[in-house]
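What follows is a single structure, written as structure tokens, with notes after it.
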Amino acid sequence: MNKTSQNIEELPLWAKAGEMGQLVVNHDWSKTSIGNVEDWPLSLRITLYNVLHSGFPMFLFWGEEFLCFYNDAFRPSLGGEGKHPAIGKKAITVWGEIWHIVGPLLQKVLVTGEAVVMEDALIPYYRNGKVEDIYWTFTYSPALGEEDKICGVLVTCIETTKYVLEKKQSL
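The numbering of the sequence shown is the working numbering, which starts it at 2 and goes up by one.
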């Protein structure tokens with residue numbers, strides 16, 4: 002039986018988590034550095050379950066290549082023409098134009114083991130067919146793997162562009 006014809010009850014619980022859950026289930030992971038889903042560590046499965054089932058926008062970078070995962074709540078942030086689908090892609094491929102921002106944040110979390118928090122940070126990137134000035138409030142937090150090793154970075158975020166622009170106009 003191929004993956005697309007499987008009954009949803011046969012799939013891991015995180016596969017029931019909307020559109021992004023289905024993209025995770027249907028992605029060919031054997032061609033990535035983390036391999037087949039059956040071989041994923043429990044820490045990745047649990048973290049991904051939490052990301053996919055959150056109602057708040059979340060993004061997960063996992064492994065040495067920072068493979069990308071995100072939930073349905075984050076999906077609109079990628080725009081209609083832009084980075085979606087980014088599930089399973091290397092972070093540097095997805096976020097190349099802002100790697101000078103994203104890369105150091107990821108490295109800081111990996112090296113220090115501490116969260117990085119930014120409020121109303123301007124992070125312009127390509128979406129909806131053009132580069133847009135986008136403001137974010139976010140935290141990059143360490144995601145533990147087996148043996149208490151940091152194996153990824155969990156991003157919890159909210160786009161604050163509308164708020165920031167309204168605030169600037171009122172000044």
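For glycine and all other residues, C-beta sits at the position ideal for the given N, C-alpha and C.
The model shown is predicted, which means the values in this text are computed figures rather than measured ones.
I99 and Y136 have their C-alpha atoms roughly 13 Å apart.
Here S78 is buried: its Cβ has 16 or more other Cβ atoms, across all protein chains shown, within 10 Å. Residue environment for F57: exposed (fewer than 16 other C-beta atoms within 10 angstroms of its C-beta). Our two residues, Q23 and Q170, have alpha carbons roughly 41 Å apart in a direct line.
For L61, the enclosing beta strand (DSSP E) starts and ends at M59 to W63. The count of Cβ pairs closer than 8 Å, one atom from the segment 56 to 70 and one from the segment 32 to 40, reaches three, so the stretches are in contact.
Remark: fewer than three beta-carbon pairs, one from each stretch, lie closer than 8 Å, so the segment 41 to 54 and the segment 125 to 143 are not flagged as touching.
Here W96 carries a coil assignment [DSSP, helix/strand/coil].
In the three-state scheme derived from DSSP, where H, G and I count as helix and E and B as strand, K91 is classed as strand. The three-state reading of DSSP puts W41 in coil, since its state is none of H, G, I, E or B. Residue state for K150 is assigned as coil, using DSSP reduced to three classes. DSSP lists no beta-bridge partner residue for T161. The C-beta of G114 has fewer than 16 other C-beta atoms within 10 Å across all chains shown, which makes the residue exposed. The Cβ atoms of T138 and T161 lie closer than 8 Å to each other.
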